[in-house]
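Counting in our numbering, the sequence shown runs from 28 upward without gaps.
Just so it is clear, CB atoms sit at the ideal spot from N, CA and C, and this is done for glycine as well.
Because the structure is a prediction, the values reported are computed rather than measured.
Notes follow once the structure below has been shown.
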Amino acid sequence: MRSKFLLLLLLFPIISFAQEENIEGELGVNIVILDSTSSAPIDPLSPAKAAFYSAILPGLGQAYNKKYWKIPVIYAALGTGIYFYLDNDKEYHRYRDAYKSRLAGFNTDEFWGTDINDNPLSTPSISNDALIRAQRFLNRNREVSLLITLGIYALNIIDANVDAHLLQYNVDENLAIKPHFNFNELDATTNLGLTLNFQF
C-alpha cells in the first residue's frame with residue numbers, strides 16, 4: 028500500500044491531461060481539453076471496400092487507398108508470374124506433342140534430329156525418356172508459376188485491406204506520451220516530466 032502511494036505521488040506531477048491550450052499549474056501539470064469531434068470519422072467498411080475492389084481488379088483497392096505507386100508493382104509482379112506460366116505451358120506442349128507423335132509411330136518431331144541432307148536420324152537425338160522428364164519438369168514449373176501468380180493476387184487483396192485499416196489508425200497528437208521540458212520564469216527553475224495526452 029505504501030509503495031502504491033509513493034508511485035502515485037511521483038507520477039502525479041508529470042502526468043498531463045489532454046487539452047487544446049496548455050494551462051500550467053503550480054506543480055507543472057499540463058491540462059489539455061480536446062474536442063471529441065476534431066478527428067476524422069472512421070469508416071468501418073473502408074477495408075472491406077478496398078479488398079473487394081482489389082479482388083475485382085488488381086490495383087483498384089490501392090487506387091481507392093490513394094497508394095498509386097503500388098499499382099505498377101502489382102502489375103509487374105502479376106505479369107511476371109503470368110509470363111513464366113505461359114512460357115512453361117508452351118514448352119510443355121512442345122515436348123508433349125513430340126512425345127505423342129513418337130507414340131503414334133512418327134519420327135518427324137522437332138526433337139528427333141536430322142542429318143546433313145535433312146533426313147531423319149536412325150535414332151532420336153532426344154530420347155523418349157528425356158521427353159518424359161522434360162514434360163514433368165515443365166509441368167512442375169508451370170504449376171509453381173500459377174501458384175506464385177495466385178499468391179501475388181491474394182497479396183494484392185491483403186495489402187489493400189491492411190492499408191485501408193492503417194489509413195484510419197489514429198496517430199495524431201491527441202494520443203501520446205511525450206517528455207517535456209518547461210522553464211519556470213518566476214523562480215528560474217526547470218521542470219522535467221512526461222506529458223500524457225488523452226481524449227475525454
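Annotation: the continuous alpha helix (DSSP H) that includes phenylalanine 164 extends over 155-194. Going by C-alpha positions, alanine 104 is about 9 angstroms away from isoleucine 175. Taking the Cα of tyrosine 80 as reference, the smallest distance to any Cα among Lys117, Tyr126, Tyr91 and Phe208 is reached at Tyr91.
Straight-line measurement puts the Cα of arginine 169 at about 10 angstroms from the Cα of glutamine 162. Linking lysine 117 to serine 149 through their CA atoms gives a straight-line distance of about 28 angstroms. Here DSSP, grouped into helix, strand and coil, assigns leucine 213 to coil. Excluding sequence positions up to five before and after arginine 129, its CB lies within less than 7 angstroms of the CB of Asp136 and Asn155, all in the same chain and listed in chain order.
Residue environment for phenylalanine 208: exposed (fewer than 16 other C-beta atoms within 10 angstroms of its C-beta).
Boundaries of the alpha helix (DSSP H) harbouring lysine 117: 97-130, taken from the DSSP string.
When C-alpha distances from tyrosine 102 are compared across Ile153, Asn115 and Asn183, the shortest belongs to Asn183.
Alanine 77 is a Cβ neighbour of glycine 88, given a cutoff of 8 angstroms. Residue pairing from DSSP places asparagine 218 in a beta bridge opposite Asn209.
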